[in-house]
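The sequence shown begins at 1 in UniProt numbering and counts up by one.
Below is one structure, written out as structure tokens; the observations come after it.
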Amino acid sequence: MEKKPYFINVGTGEVLEDKKALNFEFEILASEEDIDKLQELLEETDNSSQGSYASSWLPWKVYYSNEANQEYDYYLTEVYRTLHQLGTEETKRHIESMHILENGV
């Protein structure tokens, strides 16, 4: 399957084809199937972040005791794992420097 460059902004959940369209964080080489999977992960991350936010203002709740926080962390880690797998060498180095995939790439 043909792979082409895409430009990703994790914070906004955007997957762009035009490098000049917006500030982006990561460049990847991906097929349409890869992009579909990545967009699904970005949507799940966004959905789970909303559930996580609902309890974030409760000072007596420990972060990891909240199931919504665990779900958010899982999906965000999967986003970065996918970006690492599809990323350019610069993208891979950047993600490795973040130490977000400490439990394996």
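Using N, Cα and C, we set each Cβ at its ideal position, and we do this for glycine too.
So the beta strand (DSSP E) residue i belongs to, where does it begin and stop?
i, result
"I95", "Where I95 is concerned, there is no enclosing beta strand (DSSP E), although the alpha helix (DSSP H) it sits in stretches over E89 to M98."
"N9", "K4 to N9"
"L16", "E14 to L16"
Quick check on DSSP: helix, strand or coil for residue i?
i, result
"L42", "helix"
"L101", "coil"
"W60", "Here W60 scores only 49 on pLDDT, less than 50, and its place in the model should not be relied on; the value that follows carries that caveat. Correct three-state label for W60: coil."
"S31", "coil"
"K20", "coil"
If you drop the 5 nearest sequence neighbours on each side, which residues of the same chain put their C-beta closer than 6 Å to that of residue i?
i, result
"T88", "E27"
For residue i, which residues from the same chain have a beta carbon less than 8 Å from its beta carbon, with the 5 sequence-adjacent residues on both sides left out?
i, result
"G11", "E25"
Just list the residues that DSSP pairs residue i with in beta bridges.
i, result
"F26", "I8"
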